[in-house]
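Engineer:
In this note's numbering, the protein residues as written are 63 to 208.
1) Alpha carbon to alpha carbon, how far is residue 117 from residue 205?
2) Among 132, 136, 174 and 122, which residue has its Cα nearest to the Cα of residue 188?
3) Would the beta-carbon of residue 177 fall within 8 angstroms of that of residue 207?
4) If you draw a straight line from the C-alpha of residue 195 to the C-alpha of residue 136, how long is it?
5) May I ask you to report which of helix, strand or coil DSSP gives residue 174?
6) Hey, which unbroken runs of the alpha helix (DSSP H) at 4 residues or more fall wholly within the stretch 119-206?
7) Can you tell me which of the three DSSP states residue 208 falls into?
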């Protein structure tokens, strides 16, 4: 029951962010939090280059049970909305090998990036999972801890 409620809330939130067309920006811009990180497939991703798309950033680790529990929801959201320009970035706060193994075991279709303390600090991440939803203009619209 709670798991389904979590899915519904996230889907509605993503729908709202994707469809919102307000001219007035609310929240904090992600410009001062720009980063370039490498994926586990050795591709570089720069946050500022994703403007014009809705981006969900998930700071996580494979050893974190709440992090692992949220991944199926992110996979579902990605599969449902990526054709409309929705991006999911899983920023793993550990070494490449466990992230790559976990991605392969669980068929995660979205980008898994190798995070670092500097990026986590720039976003104010002190605990995981920590989730950010960034709108098409680069404004952080929602944060969720835990």
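Glycine included, every Cβ here is placed at the ideal spot set by N, Cα and C. Note that the structure is a prediction, hence the values are computed from the model and not measured.
Structural biologist: Taking the definition as stated:
1) Their backbone Cα atoms lie some 12 angstroms apart in a straight line.
2) Just measuring C-alpha positions, the residue of 132, 136, 174 and 122 sitting nearest residue 188 is 122.
3) In this structure, residue 177 keeps its C-beta atom at 8 angstroms or more from the C-beta atom of residue 207.
4) If you take the alpha carbons of residue 195 and residue 136, they lie about 12 angstroms apart.
5) Residue state, collapsed to three classes: strand.
6) Here the runs fully enclosed are 127-143, 158-168 and 179-184.
7) It is coil, neither helix nor strand.
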